[in-house]
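The numbering of the sequence shown is this note's numbering, which starts it at 45 and goes up by one. In what follows, a single structure is set out as structure tokens and then discussed.
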Amino acid sequence: KMTDNQLFIFGDSISCGVMYDESAHRYTLCRNTYDRVLRTQGVAVKSYAKPGCTAADAVRMLDKAEPLPGAPCVIEFGGNDSDLNWEEVAAQPDLPHEAKVSLSDFHDSLLRLIAYARDNGMRPVVSIPLPVVPDRYFEWVSQKLDRDAILHYLGSPEFIYRWQERYAYVALKTANEANCPIFDLRGLFLDQRDFRDMMSRDGIHPNEAGYAVIREAALKRWH
Numbered sequence: 045k046m047t048d049n050q051l052f053i054f055g056d057s058i059s060c061g062v063m064y065d066e067s068a069h070r071y072t073l074c075r076n077t078y079d080r081v082l083r084t085q086g087v088a089v090k091s092y093a094k095p096g097c098t099a100a101d102a103v104r105m106l107d108k109a110e111p112l113p114g115a116p117c118v119i120e121f122g123g124n125d126s127d128l129n130w131e132e133v134a135a136q137p138d139l140p141h142e143a144k145v146s147l148s149d150f151h152d153s154l155l156r157l158i159a160y161a162r163d164n165g166m167r168p169v170v171s172i173p174l175p176v177v178p179d180r181y182f183e184w185v186s187q188k189l190d191r192d193a194i195l196h197y198l199g200s201p202e203f204i205y206r207w208q209e210r211y212a213y214v215a216l217k218t219a220n221e222a223n224c225p226i227f228d229l230r231g232l233f234l235d236q237r238d239f240r241d242m243m244s245r246d247g248i249h250p251n252e253a254g255y256a257v258i259r260e261a262a263l264k265r266w267h
């Protein structure tokens, strides 16, 4: 349970509550994310979450971060780390392409973040990345690019799911290696009858229902 009613967060847009608003045709923020609800209940939440952030980016922020000794430290990455440069893929679909952060750098960055938390008296918790809805994400990233070229590279939109799933596996493996508890966001969504119902149109961000599932699990765990 919570120590001194505190929570510390490293994360990306999922930890910021980013979702796609269908009616407004733009990204917006979910108003009822678990960290916002915890704040209203008197919990001191310090969040270093930023849209687009990778685990490697978070490591570069460590010298500016101010820890909360005694607090759980949620480490939520993987989505951006696994992302490909879709413009490059579309331009050169016959060449191999690397993710923004390699699997080995992702692993090393998570270990650095876990060590930082422990060195500063916090209790690290590794969040396992959400699953991707591959067909939606493929449609999303190929909107203004050569769709056929991207599909040629992928072979099938399902490739995106398998590609990103490796990062979830490494997050889990790294947590086990470091004897660190996990917050299994991926399992939460895969336990749903159809996790697609929990995801925004872009296939990578939760929708209101998805954030409600995360909120319920987080509040049960940390409050």
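Beta carbons: idealized from backbone N, C-alpha and C, even for Gly. None of these values were measured; they are calculated from a predicted model.
Query: For the candidate residues M63, K144, R206 and L112, whose alpha-carbon lies nearest to that of M243?; Result: M63
Query: How big is the Cα-Cα spacing for G61 and E252?; Result: 9 angstroms
Query: Taking only three categories from DSSP, how would you classify K90?; Result: strand
Query: Pick helix, strand or coil for C117, following the three-state DSSP scheme.; Result: strand
Query: Are the segment 175-182 and the segment 136-148 touching, with three or more C-beta to C-beta distances below 8 angstroms?; Result: no
Query: Would V169 and I248 qualify as a contact pair, given that the criterion is a beta-carbon distance under 8 angstroms?; Result: no
Query: Please classify P178: does DSSP put it in a helix, a strand, or coil?; Result: helix
Query: P173 to D56, Cα distance in whole Å?; Result: 10 angstroms
Query: Looking at C-alpha atoms only, which residue of P175, G165 and A256 is the closest neighbour of G114?; Result: G165
Query: Which term fits E110, buried or exposed, when burial requires 16 or more other beta carbons within 10 angstroms of its beta carbon?; Result: exposed
Query: Would you check if the distance between the CB atom of R210 and the CB atom of N76 is smaller than 8 angstroms?; Result: no
Query: Hey, out of L229, A256, R237 and N124, whose CA is closest to K94's CA?; Result: N124
Query: What did DSSP end up calling S171 once you bin it into helix, strand or coil?; Result: strand
Query: Indicate whether the contact test is met: 3 or more Cβ pairs, each with one atom in the segment 183-200 and one in the segment 79-87, closer than 8 angstroms.; Result: no
Query: Taking only three categories from DSSP, how would you classify D138?; Result: coil
Query: Taking the alpha-carbon of T218 as reference, which of Y205, A99 and V133 has the nearest alpha-carbon?; Result: A99
Query: Taking the alpha helix (DSSP H) that M166 falls in, what are its first and last residues?; Result: Element bounds for M166: n/a, residue is neither H nor E.
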